[in-house]
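Enquirer: Pasting a structure here, questions to come.
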Amino acid sequence: MTQISQTLLRSALVAGFLAVLPAVSGLAVAPATAHEFKAGALVLKHPWTRATAKGAEMGGGFVTIVNTGREADRLTGGSFALAGRAEVHEMKMEGDVMKMRQLEGGLDIPAGATVELKPGSYHLMFMKLTAPLESGTKVKGSLIFEKAGEVPVEFAVEAIDAKAKDHKAGDHDAMPMNGADKMHGG
Ligand SMILES: [Cu+2]
112 MTQISQTLLR
122 SALVAGFLAV
132 LPAVSGLAVA
142 PATAHEFKAG
152 ALVLKHPWTR
162 ATAKGAEMGG
172 GFVTIVNTGR
182 EADRLTGGSF
192 ALAGRAEVHE
202 MKMEGDVMKM
212 RQLEGGLDIP
222 AGATVELKPG
232 SYHLMFMKLT
242 APLESGTKVK
252 GSLIFEKAGE
262 VPVEFAVEAI
272 DAKAKDHKAG
282 DHDAMPMNGA
292 DKMHGG
């Protein structure tokens, strides 16, 4: 009798424990690649940034934006909990020189398109960082769209030398951020 009730008790405990698991894992750290955010027809996949060295003033914000709708939208800005402000930037080669500039009018997200913000290309520029970004942490922020409005996200902080997952040979990432600092001239 005692034996049976102990067994029953044990399986009840196990069942209870298993029932709790999905709820817990929803809160716990999911694989970095899995996190995504939705706003209307927009899907924001895996917002991430790179760890920074102590004293760094700027960081880059990256995300893949999928517009599943029939209307274009426009990324006009963002925010980052550890930065004074965030701007939409473009980086591209002009001759032999990598140039970075602010997209004052924002970045077009055409209907049905997938637009990737990644190292060496479009990115959010986090200006006036208030603390070093530590690999493995997540930092709250947002992306601001003309139509979808401000969408809260979390940026996963990856290693200081992390590259876009599908990054090909053209090695724009190699450009050090302090070079970028100079280009911005504050
Ligand atoms: Cu920039």
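Numbering (our numbering), first residue to last: 112 to 297.
Glycine is no exception: its CB is placed at the ideal position from the N, C-alpha and C atoms.
(1) For the candidate residues 194, 157 and 152, whose alpha-carbon lies nearest to that of residue 237?
(2) Name the DSSP beta bridge partners of residue 184, please?
(3) Can you tell me whether residue 137 is buried or exposed? The criterion is at least 16 other CB atoms within 10 Å of its CB, across all chains shown.
(4) Check each candidate in 163, 150 and 274 and name the one with the smallest Cα separation from residue 246.
(5) Just how far apart, CA to CA, sit residue 183 and residue 258?
(6) Looking only at its own chain, which residues have a Cβ that is under 7 Å from the Cβ of residue 221, when we skip the five neighbours before and after it?
(7) With a threshold of 8 Å, are at least 3 pairs of Cβ atoms found where one atom belongs to the stretch 147–167 and the other to the stretch 211–219?
(8) Have a look at residue 185 and residue 166 and give me their C-alpha separation to the nearest angstrom.
(9) By Cβ distance, which residues of its chain are closer than 8 Å to residue 233, with the 5 residues on each side in sequence left out?
(10) Around the C-beta of residue 230, are 16 or more other C-beta atoms found within 10 angstroms, so that it is buried, or is it exposed?
(11) Would you report the Cα separation of residue 244 and residue 274, rounded to the nearest angstrom?
(12) Rounded to whole angstroms, what is the Cα-Cα separation between residue 210 and residue 204?
(13) With C-beta atoms as the reference, is residue 180 less than 8 Å away from residue 255?
(14) Using 10 angstroms around the beta-carbon of residue 241, count the other beta-carbons present and answer buried if the total reaches 16, otherwise exposed.
(15) Taking DSSP's pairing of strands, which residues face residue 267 in a bridge?
(16) Spell out the partners DSSP gives residue 149 in its beta bridges.
(17) If I'm right that residue 250 touches residue 173 with Cβ under 8 Å, what's the distance once you round it to whole angstroms?
(18) Whose CB is closer than 5 Å to a heavy atom of ligand 1? List the residues in chain order.
(19) On the premise that residue 267 lies in contact with residue 146, defined as a C-beta separation below 8 Å, what is that separation, rounded to the nearest angstrom?
Expert: In brief:
(1) Along the sequence shown, read from residue 1 onward, the residue named residue 237 stands at position 126. Closest option to residue 237, Cα to Cα, is 194.
(2) For the purposes of this step, residue 184 is taken as residue 73 along the sequence shown, with counting starting at 1. Residue 184 pairs with 220.
(3) Here residue 137 is taken as the residue at index 26 of the sequence shown, counted from 1. Low local confidence applies: a pLDDT of 42 at residue 137 is under 50, so the model's placement there is unreliable, and no value is given.
(4) Here residue 246 corresponds to residue number 135 of the sequence shown, with the count starting at 1. When each option's Cα is compared against that of residue 246, the closest is 163.
(5) Here the question's residue 183 lines up with position 72 in the sequence shown. Here the question's residue 258 lines up with position 147 in the sequence shown. Approximately 9 Å between the Cα atoms of the pair.
(6) As a working note, residue 221 is residue 110 in the sequence shown. Excluding residues within five positions, the ones whose Cβ falls inside 7 Å are 178 and 183.
(7) Contact between the stretch 147–167 and the stretch 211–219 is absent: fewer than 3 CB-CB pairs across the two stretches fall below 8 Å.
(8) In the sequence shown, residue 185 corresponds to position 74, counting from 1. In the sequence shown, residue 166 corresponds to position 55, counting from 1. Distance between the alpha carbons of residue 185 and residue 166: 32 Å.
(9) Here the question's residue 233 lines up with position 122 in the sequence shown. Cβ neighbours of residue 233 beyond the five flanking positions: 199, 200, 201, 202, 214, 218, 226 and 227.
(10) Numbered from its first residue, the sequence shown carries residue 230 at position 119. Under this definition residue 230 is a buried residue.
(11) Walking along the sequence shown from the start, residue 244 turns up at place 133. Walking along the sequence shown from the start, residue 274 turns up at place 163. So the alpha carbons of these two residues sit roughly 16 Å apart.
(12) Residue 210 sits at position 99 when you count from the first residue of the sequence shown. Residue 204 sits at position 93 when you count from the first residue of the sequence shown. Residue 204 has its alpha-carbon roughly 6 Å from the corresponding atom of residue 210.
(13) Residue numbering aside, residue 180 sits at position 69 when the sequence shown is read from its first letter. Residue numbering aside, residue 255 sits at position 144 when the sequence shown is read from its first letter. No. Outside cutoff.
(14) Along the sequence shown, one-based indexing puts residue 241 at 130. Residue 241 is exposed by the Cβ-count criterion.
(15) For this step, residue 267 is matched to residue 156 along the sequence shown. Secondary-structure assignment with DSSP links residue 267 through a beta bridge to 159 and 249.
(16) For the purposes of this step, residue 149 is taken as residue 38 along the sequence shown, with counting starting at 1. Beta-bridge annotation (DSSP): residue 149 is paired with 154.
(17) To locate residue 250, count along the sequence shown from 1; it is residue 139. To locate residue 173, count along the sequence shown from 1; it is residue 62. The pair is not a contact, with the Cβ atoms about 13 Å apart (cut-off 8 Å).
(18) The set of residues whose C-beta lies within less than 5 Å of a heavy atom of ligand 1 reads, in chain order, 200, 211 and 236.
(19) As a working mapping, residue 146 is identified with position 35 in the sequence shown. As a working mapping, residue 267 is identified with position 156 in the sequence shown. Indeed, because the Cβ distance is near 7 Å, the residues count as touching under 8 Å.
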